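Chains as they are written, first to last, in numbering that gives the first Met the number 0: chain A, 0 to 223; chain B, 0 to 223. I have placed the structure first, in the form of structure tokens, so that the comments after it can refer back to it.
2 protein chains.
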Amino acid sequence: MKVICMIPARLGSQRLKQKNLRTLNGVPLFALAVRKALSAGVFDEVWANTESDELGRLALSEGAQFHKRPEKLADNTATSEDFVYEFFSRHECDYVVQLHSIAPLLSVEEIKGFTELLTESGCDTLLSVEEIILECLFDGSPVNFTFARKENSQDLKPVEKIAWSITGWKRETYMKAYESGGCGTYSGDVKSFPLKKYSAHVIKTEEDLRIAETLYSLTEGING
Amino acid sequence: MKVICMIPARLGSQRLKQKNLRTLNGVPLFALAVRKALSAGVFDEVWANTESDELGRLALSEGAQFHKRPEKLADNTATSEDFVYEFFSRHECDYVVQLHSIAPLLSVEEIKGFTELLTESGCDTLLSVEEIILECLFDGSPVNFTFARKENSQDLKPVEKIAWSITGWKRETYMKAYESGGCGTYSGDVKSFPLKKYSAHVIKTEEDLRIAETLYSLTEGING
């Protein structure tokens, strides 16, 4: 069985400029993701999927490999469906785990646990989620509670918010779904993997980066 | 029309000891809530609802009033349904806005906007919510998206997570529901009020307090 870790990264980013090169604790977010993937010790190969030669070189210097994403799949209109498929079409394997560099609080332990669940549970798609253990509404109606009584929030069945921090797919199922006009992202049997409290924090703005620094200093000892 | 702000507070707290007296930017969380309620300028009266004489005195010194909660409604088994009803039964008014001291990032502007919506929209219950603009699952099934295609997350209709930072009720509707064996918390016509990105952050642990400090320094200028 062959399991590949794929780290998608673009050099351009809209809100926070050159996000992937911004640092947390002195390490660029992109390099941090590569290091975690390598130290998880569960992947046969770790690839950066980027249009940028600069990020590609950084990947190589960190010990990963460089998959050069075609320019047409690197602009703001390109969908993850397309660039994930393009990667699958060029790399023979059983599973791909997509790791996002903008989720720097995801721990090495979580990467390991996620990959083990993906390859051992028999699912086709594994989504990382943040459990919301509070009352949720959709379209004005209760999702995980009832207006008929006030329950203790901690007794509620959680709603799961997809974090996209780490996502896994069985290659064959994804490719078949995509090629038949379906959706690879949610193909086959879909399972979820709950993250720790702060692991789902993602970097989109300067503020998010400041918060990540606080969280990092708080969770370093805990999440590893 | 009479609108009362009620700030529930207990001196004991399970995880973070004497939470209400912990400080943010030098001000005890409980005093911070009182000051915000007073400076919102939209309440006829501001009351602390607590079993603690110490918190009661702090409320009085900050310019609020002290509703002494009966001991039997102040332990860990007491429900909000019961202590809110007890408060309603002792204070004539049209609306009560319940403000929680453990949500210190809620802004004065939000308290004003919330109270205006409560009293002007004709609803009976107003809940503060955090909008989740990401794919959500419940019981393994999609809530606000479909497995049939991958959409851009920012185009999704949000799931609303109830924040409990600030909650408002029409007194008459709440009391009737409670007295007839129904649920006051979600009585009558229920509407929601979306909070700003970090306003829903609540303090339950030491870590939450550290994060609040970072958020406070970041949002002070923004949220006012």
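Built from N, CA and C at the ideal position, the CB exists for glycine as well. These numbers come from a predicted model, not from an experiment.
Which of the residues in the stretch 49-62 of chain A, read from start to end, lie with their CB under 9 Å from any CB of chain B?
Taking a C-beta cut-off of 9 Å against chain B, none of the residues of the stretch 49-62 of chain A qualify.
Along the chain, where does the alpha helix (DSSP H) that runs through A/Glu53 open and close?
Indexing the first sequence from 1 puts residue 53 of chain A at position 54. Residues 52-60.
Can you tell me whether DSSP reads B/Gly220 as helix, strand or coil?
For the purposes of this step, residue 220 of chain B is taken as the residue at position 221 of the second sequence. Residue confidence is low: B/Gly220 scores 44 on pLDDT, short of 50, so the model does not pin down where it sits. Its coordinate-derived value is still stated next. Assigned with DSSP and collapsed to three states, B/Gly220 falls in helix.
Output the distance between the C-alpha atoms of A/Glu109 and A/Lys149, rounded to the nearest integer angstrom.
As a first step, residue 109 of chain A is located in the first sequence; it is residue number 110 there, counting from the start. As a first step, residue 149 of chain A is located in the first sequence; it is residue number 150 there, counting from the start. In a straight line, the C-alpha of A/Glu109 is about 34 Å away from that of A/Lys149.
What do you get for B/Arg14, buried or exposed, if any count of 16 or more other CB atoms within 10 angstroms of its CB means buried?
Reading the second sequence from its first residue, position 15 is the one you call residue 14 of chain B. By the 10 Å Cβ count, B/Arg14 comes out exposed.
Going by C-alpha to C-alpha distance, which of B/Met174, B/Ala8, B/Leu117 sits closest to B/Ala58?
If you number the second sequence from 1, residue 58 of chain B lands on position 59. Checking every option, the nearest Cα to that of B/Ala58 belongs to B/Ala8.
Nearest chain B C-beta to A/Cys92 closer than 8 Å, yes or no?
Here residue 92 of chain A refers to the residue found at position 93 of the first sequence. With 8 Å as the cut-off, A/Cys92 does not count as an interface residue toward chain B.
Please tell me whether B/Asn24 has its Cβ less than 8 Å away from any Cβ of chain A.
One-based indexing of the second sequence puts residue 24 of chain B at position 25. Answer no: the Cβ-Cβ gap between B/Asn24 and chain A never drops below 8 Å.
Any beta-carbon of chain A closer than 8 Å to the one on B/Asn222?
To locate residue 222 of chain B, count along the second sequence from 1; it is residue 223. Since pLDDT at B/Asn222 reaches only 44, below the 50 mark, its modelled position is unreliable, and the value read off the structure follows with that caveat. No, its Cβ sits nowhere closer than 8 Å to a Cβ of chain A.
Nearest by alpha-carbon distance to B/Val107: which of B/Leu133, B/Lys175, B/Leu10, B/Cys4 is it?
What you label residue 107 of chain B is simply residue 108 of the second sequence in a count that begins at 1. Closest option to B/Val107, Cα to Cα, is B/Cys4.
Go to B/Thr172, then tell me how far its alpha helix (DSSP H) extends in each direction, as first and last residue.
One-based indexing of the second sequence puts residue 172 of chain B at position 173. Taken as a continuous stretch (DSSP letters only), the alpha helix (DSSP H) holding B/Thr172 covers 170-178.
At a Cβ cut of 7 Å, what residues of the stretch 72-84 of chain A count as close to chain B, listed as they run along the chain?
Thr78, Ser79, Glu80
B/Asp188: buried (16+ other C-beta within 10 angstroms of its C-beta) or exposed?
Within the second sequence, residue 188 of chain B is the residue found at index 189, counting from 1. By the neighbour-count criterion, in which a residue is buried when 16 or more other Cβ atoms sit within 10 angstroms of its Cβ, B/Asp188 is exposed.
When you compare the CB of A/Ala104 with every CB in chain B, is at least one pair closer than 8 Å?
Residue mapping note: residue 104 of chain A aligns to position 105 of the first sequence, counting from 1. Per the sequence shown, residue 104 of chain A should be read as Leu rather than Ala. A/Leu104 does not count as touching chain B.
Which residue from A/Ala32, A/Glu85, A/Thr124, A/Leu20 puts its Cα closest to that of A/Lys71?
What you label residue 71 of chain A is simply residue 72 of the first sequence in a count that begins at 1. Distances from the CA of A/Lys71 to each of A/Ala32, A/Glu85, A/Thr124, A/Leu20 were compared; the closest alpha carbon is that of A/Glu85.
Local conformation of B/Thr114 per DSSP, three classes
For this step, residue 114 of chain B is matched to residue 115 along the second sequence. In the structure shown, B/Thr114 sits in a helix (DSSP, three-state: H, G or I).
Any chance the CB of B/Leu23 is under 7 Å from a heavy atom of the ligand GDP?
Only the bare structure without any ligand can be found here, which leaves the ligand GDP out of the picture.
Take the Cβ of A/Gly121 as the centre, count every other Cβ of all protein chains shown within 10 Å, and call the residue buried at 16 or more, exposed below.
Position 122 of the first sequence, counted from the first residue, corresponds to residue 121 of chain A. It is exposed - the Cβ of A/Gly121 has fewer than 16 other Cβ atoms within 10 Å.
Applying the 10 Å Cβ sphere with the 16-neighbour rule, what's the burial state of B/Leu88?
The residue labelled residue 88 of chain B in the question sits at position 89 within the second sequence. It should be noted that the sequence gives Ser, not Leu, for residue 88 of chain B. Classification for B/Ser88: exposed.
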